[in-house]
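S.K.:
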Amino acid sequence: MMVPKESRHGDQPNRFGKVEKPEVTKAVILVGGWGTRLRPLTYTVPKPLISFCNKPILKYQIEKAGQSWYKGDYISIKLLQREDYGGG
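The working numbering puts the first residue of the sequence shown at 7, with every later residue one more than the last.
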């Protein structure tokens, strides 16, 4: 079955073929993990805080989530990463 272009980003057509946005208002951004594929950068900086074009990778993810219909974000971090970021 061919998925309509409008529904490729999470929108699902109902039984009448009309595409409606889901009632999702929160996003979970998973940033845990050890960052082994980004070593040696992750020896000193947590993976989500590594800069790309003078901006942390995590900031790109938060901005992208904010451009959609999400109203809030939750960030799932690894143990002790909050301390790595300076306590908060």
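Virtual Cβ for every residue (Gly too), placed ideally from N, Cα, C.
From Ala71, Lys70, Pro54, pick the residue whose C-alpha is nearest to that of Thr42; which is it?
M.R.: Pro54
S.K.: Could you check if Pro46 is buried or exposed, using at least 16 other CB atoms within 10 Å of its CB as the buried criterion?
M.R.: exposed
S.K.: Please state whether the Cβ-Cβ distance between Leu64 and Val37 is less than 8 Å.
M.R.: yes
S.K.: Please state the DSSP three-state secondary structure of Pro54.
M.R.: Helix at Pro54.
S.K.: According to DSSP, Ile68 sits in a beta bridge with which residue or residues?
M.R.: The partner list for Ile68 (beta bridge, DSSP) is empty, contrary to what the question assumes.
S.K.: Suppose you measure from the CA of Gln67 to the CA of Thr48; what does that come to, to the nearest Å?
M.R.: 18 Å
S.K.: To the nearest angstrom, how far is the alpha carbon of Val21 from that of Lys32?
M.R.: The question names Val, yet the displayed sequence has Arg at residue 21. Each residue's Cα considered, the two are about 25 Å apart.
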